[in-house]
Structure formats: structure tokens, C-alpha cells
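J.: Residue numbers (our numbering): 268 to 576. Ideal Cβ placement from N, Cα and C applies to all residues, glycine included.
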Amino acid sequence: MSPPWVTRITSSAHYYHKRVGNVTKYVVTLTIDLYFLLYDVKVRAYNDIGYGPESSVKQIYSAEGVPLVQVKNLRGYPINGTAVMVTWDPLPDSRDVVKGKVAGYEIDYYDMNNPRGVADSLYLFEPNDHAIVIGLQPYQDYWFNIEVFNSAGTGTPSEQFLISTNENPPSKYPEFVYVYSHGPHSVKVRWRGVSTGFREASLEGYKLKWWKAGEDIRTASESSVCIVDEAIIHGIEKGNVYKLRVMAYNRGGDGRNSPTVFFTLGGQVAFDAETAQLVTAGSGSGKTETTTICMTTALVILCDLMATL
């Protein structure tokens, strides 16, 4: 009997074998029902005298089949004016369900008012049950569907689901932002509020963002308040200069930032763009503090030059 070349791991005793020429690879063609099955593979050389020793066993899966299953329970809701959350029931990594392993999901969507337009797609290259779709237009309706895919192809599209984005965020920014001394580790911020315009969602409140002047804005702290015109910022350290921006927000998202203001624990300080200096006079103590900001393309260096009583 010829030596076994390939043995499929099943309950049956069937095996496959093939004698090939002096080659280093060989492709076995299987029937369509034998997708994504695990095989034991062994190879050995032969010549006119006989067969050599067998190689160690290598386990190999046959190729996956194209999934025919449909993703169920597609749902979604708006996050803001340009993004929505999409959810669905995840599919199991099962040969019976997806004819292999889930490689990811394809989310297709298009503007309901432009059904003949080109649909956009978002690919998730991992099993999941939700995704955030960004870059949409405010106050628009979008049809969504989703398909699972594996290495062999994409499955059947789900039923469509309609998701609407929220209205626009505030287009105006708070003005007349001022910072005042408040406590041993806090300051008070006041500003003039904004009104919302056409196709802008109702105002929900304001956000304050502050960070040390020598650091990146990505290190900023953030606080949200309701529809008021002042707030208290805590955790301010003595001897540091901070930057502050205030913005309005609604369910459409964050509005525009106010111009940056500088402040210390003693309150707001003025910034001279020509000399790159911040000068503040402390109230009550007669103390004057001068801080020079040295600008480079990548770094802002704060140097305390003088502090006298």
C-alpha cells in the first residue's frame, strides 16, 4: 500500500495520499463541502528503491468557505452631529455558522436622500459587536447594513437600519473669558455665553479645558458645567502658568473654542505677543511676577525671571 500523504482528522478512517515529482510544494483540490477542516500532513521522499522516513506531523486547515449567514439585530443611535454608534449581534467563530473564523465585519452606509450615491464602507478587522462611524453630515438620515467576512469572502448583507445624526454643534464661541483668584488651589472663570443658530441643537452647557502653558494640549484637564456663565477650576498649582479655553456644547458636539487666555493661581495674566511675556501683579501683596515664554517650533519654555516682594 502507498504511504499516507494526507489524513483528514474525522471519525472515519479515510485518508489521502499522492505521489508527486521532485517538488517542494503541492496543492490538493478538495470538494466544496470539505472547507475549514483540520488535516494531519506528513511528507517523505522516495526513489526506485523505496521510501524514506516520514516527516513530523503538521496540522493544516483547508480553506474557509464563503459565509452565507446574515448578521442580525442591526441597531444604532447618534453620538453627535457627525458620528453614530452601530451595534449588532456578533456571530460565533464556527464552521457551521461562518464556514470558518470571523475575520471582521463590513459596515456599508449611504445618505437616504441620495440613494444613487456611492455607499461608504467601514471595515472592522476583528470580531466585535459595535462600531463608531464618523465623518457623517449633521442632521442627515443614513441607511446602514452590515456583513460578516472571513478569508474566503463576505457574507449576506443584513437588513437595513436607518440612523439619523444630530443637529450641528454651536457655531459661536464664548467671549469675554476672564479668570479670577478664588482659593488656595482654585480660580473662578467667567464668560459671556452663546446662542444657537439654525439647525443647531439646543445648548446643553459649557466645557472648560486648561493645561500648563509649557505642555501639550493633550495633557489638558476638562470640566463640564450646565448653562451658566461661570465655573470654579480646582487643582491649580502655585508658581505655574496655565492656558484656558472655553467652548459651548450640545448633542451635536462641541462648539468652537474661545481664544486662549493665560492665568495663574492669582488670576488672569496678559500676554504680549511682541515680547512673548506674561506680566501679572498680585493683589494685596504688592508682588509682581514676570514670566517670559520662549517660543520654538516644537516647545514652549517658561522661565521665571523675577519675583520680588
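#1: Which runs of the alpha helix (DSSP H) spanning at least 4 residues fall entirely within the stretch 477-540, listed in chain order?
#2: Indicate the three-state DSSP secondary structure (helix, strand or coil) for residue 299 in the structure shown.
#3: Can you tell me which residues form a DSSP beta bridge with residue 420?
#4: Only counting runs of 3 or more residues, tell me where the beta strand (DSSP E) segments fall wholly within the stretch 364-439, in order along the chain.
#5: Residue range of the beta strand (DSSP E) that residue 342 falls in?
#6: Looking only at C-alpha atoms, which of 376, 430, 393 and 501 sits nearest to residue 385?
#7: Within 10 Å of its beta-carbon, does residue 287 have 16 or more other beta-carbons around it, so buried, or fewer, so exposed?
#8: What three-state label does DSSP hand residue 274 in the structure shown?
#9: Could you pull the DSSP bridge partners for residue 327 from this structure?
#10: Comparing alpha-carbon positions, which option in 381, 414, 325 and 297 lies nearest residue 578?
#11: DSSP three-state call for residue 457: helix, strand or coil?
#12: Counting Cβ pairs, one atom from each stretch, are 3 or more of them under 8 Å apart for the stretch 517-528 and the stretch 425-441?
#13: Going by the DSSP bridge assignment, what does residue 475 pair with across the sheet?
#14: In angstroms, rounded to a whole number, what distance separates the CA positions of residue 283 and residue 424?
#15: With residue 577 and residue 394 assumed to form a contact (beta carbons below 8 Å), what rounded beta-carbon distance in angstroms separates them?
#16: Between the C-alpha atoms of residue 482 and residue 488, what's the straight-line distance to the nearest angstrom?
#17: Does the Cβ of residue 537 have 16 or more other Cβ atoms within 10 Å, making it buried, or fewer, making it exposed?
#18: Closest to residue 492 by CA distance: which of 363, 472 and 486 is it?
#19: Going along the chain, which residues of its own chain have a beta-carbon closer than 7 Å to the beta-carbon of residue 327, five neighbours each way excluded?
#20: Since residue 467 is in the beta strand (DSSP E), which residue starts that stretch and which ends it?
#21: Per DSSP, which residues does residue 332 bridge with? Please list them.
#22: Based on Cα-Cα distance, which residue from 321, 512 and 331 lies nearest to residue 484?
#23: By Cβ distance, which residues of its chain are closer than 7 Å to residue 400, with the 5 residues on each side in sequence left out?
#24: Give me the Cβ distance between residue 371 and residue 392, rounded to the nearest whole Å; I'm assuming they're in contact under 8 Å.
#25: Does the Cβ-Cβ distance between residue 369 and residue 363 come in under 8 Å?
#26: Between the C-alpha atoms of residue 398 and residue 405, what's the straight-line distance to the nearest angstrom?
#27: Suppose you measure from the CA of residue 550 to the CA of residue 533; what does that come to, to the nearest Å?
#28: Per DSSP, which residues does residue 442 bridge with? Please list them.
#29: For residue 313, write down the residues that DSSP places opposite it in a beta bridge.
#30: Sorted by chain position, which residues of the same chain lie with C-beta nearer than 8 Å to residue 454's C-beta, five sequence neighbours on each side aside?
#31: Within 8 Å, do at least three Cβ pairs link the stretch 335-342 to the stretch 313-323?
T.: Result, derived from the coordinates:
#1: none
#2: helix
#3: 417
#4: 371-378, 387-391, 397-400, 408-417 and 428-431
#5: 342-345
#6: 376
#7: exposed
#8: Confidence at residue 274 is low in this model, with a pLDDT of 39, below 50, so the placement of that residue is unreliable and no value is reported for it.
#9: 306
#10: Only positions 268 to 576 of the chain appear in this structure, which leaves residue 578 out of reach.
#11: strand
#12: yes
#13: 490 and 513
#14: 37 Å
#15: Summary: the structure shown does not reach residue 577, with the chain confined to residues 268 through 576, and so no result is reported for it.
#16: 12 Å
#17: exposed
#18: 472
#19: 306 and 308
#20: Residue 467 -> no beta strand (DSSP E), and no H or E assigned at all.
#21: Bridge partners of residue 332: none, in fact.
#22: 512
#23: 350, 351, 353, 374, 376 and 389
#24: 4 Å
#25: no
#26: 18 Å
#27: Note on residue 550: pLDDT 41, under 50, position unreliable in the model; the coordinate value appears next. In a straight line, the C-alpha of residue 550 is about 8 Å away from that of residue 533.
#28: 459
#29: 318
#30: 446, 447, 448, 499, 500, 503, 530, 532 and 534
#31: no
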